[in-house]
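Each remark here refers to the structure printed beneath this line.
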Amino acid sequence: MAVILDGRTFANEICEELKSEVQKLAKKPKLAVILAGNNPASQIYVKNKQKKAEYIGFESVVISLPSDVTEENLLEHIYILNEDDDINGILVQLPLPAGINQQRIIEAIEPVKDCDGFTSYNFGRLALGYKPYVYPCTPKGIIKLIEHYNIQTEGFNAVVIGRSNIAGKPISMLLQQKNATVTIAHSYTKNLKELAKTADILISAIGRPDFIKGDFIKENAVIIDVGINRTDSGIKGDVDFNGCLNKAAYITPVPGGIGPMTIAMLMENTLELYKIQRSFKN
Ligand code: GUN
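Letter by letter, the sequence shown follows residues 519 to 800 of the working numbering.
Next comes the structure, spelled out in structure tokens:
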């Protein structure tokens, strides 16, 4: 039976360490989250991020805007947050309402306050193999969890299903930097099942519940499930957990795997940005 990669416990440990570090700071880091529209999943994610930030001892502010917010109005909020010395991290929850140019909004964030690592400055540095101010939260959380369990990547075949800027694309770059041989699959990929079966490390970030069945995976593979799919029977990952449990060597559960790691990395990133910003002032 596979070892279950317990992201929740590890994320809690990381957050406890962050909390004790924050307790020693006279001035607390502050995270600003912009939530536009009323996407129910986004509302829950933002609430969870805010709750965790407050638990750790950060200050936080959530700016909720209506779904018909204009691009100009969104930009105005970002400019104000960029200029506000009290704000250390700015996160714009995605997806943005239809009609809003996401690229324009993300690019308006000052890179040193970009706690998601999504601006072209940070993402570009990641792509080039240079150090960004911070790495995107989900990929960073996956790598941390893999390393925590001493899982080797060097020379292994990794198949990443999904090519989004949030997950698939950056995780494939980080795995490559850890010397894995990486293949990225997406909706146009032919023979996905056969490809997935070649993976020593299979990462699914497609957003389709229970899509990865036991017969998609190689014996003793490492299975990382990035999917958070809301279904009538609750939250489901992309992976048929029970169907893969006896075949995989390691597997992440949903919930309790990559989700909590992502939030912990957001907290870590915010503290890192706080420190970088303070170092600029000295
Ligand atoms: N939507 C889904 N995941 C994320 C994330 O990591 N950051 C932001 N900003 N939006 C998201």
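Every residue gets a Cβ at the ideal spot worked out from N, C-alpha and C, and that includes glycine.
{"Query": "Start-end ranges of the beta strand (DSSP E) lying completely within the segment 524-605, minimum 3 residues", "Result": "548-554, 577-583"}
{"Query": "Secondary structure of residue 748, DSSP reduced to three states", "Result": "strand"}
{"Query": "Residue 630 - DSSP class collapsed to helix/strand/coil", "Result": "helix"}
{"Query": "Bridge-paired residues (DSSP) for residue 700", "Result": "676"}
{"Query": "C-alpha gap between residue 636 and residue 606, whole angstroms", "Result": "15 Å"}
{"Query": "Cβ-Cβ separation, residue 741 to residue 735 (assumed contact under 8 Å), whole Å", "Result": "6 Å"}
{"Query": "For ligand 1, residues whose Cβ lies under 6 Å from any non-hydrogen atom", "Result": "609, 610, 611, 612, 634, 655, 656, 684, 780"}
{"Query": "Reference residue 608; option with closest CA among 728, 784, 796, 752", "Result": "784"}
{"Query": "Beta carbon of residue 756 nearer than 7 Å to that of residue 724", "Result": "yes"}
{"Query": "Neighbour-count burial assignment, residue 576, 16 or more Cβ in a 10 Å radius", "Result": "buried"}
{"Query": "Nearest neighbour of residue 604, chosen from 718, 549, 752 [CA to CA]", "Result": "549"}
{"Query": "Member of 591, 798, 780, 625 whose CA lies at the smallest distance from the CA of residue 571", "Result": "780"}
{"Query": "Delimiting residues of the alpha helix (DSSP H) encompassing residue 644", "Result": "638-646"}
{"Query": "Candidates 793, 765, 722, 748: closest to residue 657 by CA position", "Result": "722"}
{"Query": "With 16 other Cβ atoms within 10 Å as the buried cut-off, status of residue 535", "Result": "exposed"}
{"Query": "Cβ pair residue 617, residue 585 closer than 7 Å", "Result": "no"}
{"Query": "C-alpha gap between residue 771 and residue 759, whole angstroms", "Result": "7 Å"}
{"Query": "Beta-carbon separation (whole angstroms), residue 769 vs residue 574, contact threshold 8 Å", "Result": "Their Cβ separation, rounded to whole angstroms, is 28 Å, which puts residue 769 and residue 574 out of contact at 8 Å."}
{"Query": "Residue 747 versus residue 685: straight-line alpha-carbon distance, rounded", "Result": "15 Å"}
{"Query": "Alpha-carbon to alpha-carbon, residue 711 and residue 799", "Result": "53 Å"}
{"Query": "Same chain only: Cβ atoms within 8 Å of residue 753, ignoring 5 sequence neighbours per side", "Result": "746, 747, 772, 773"}
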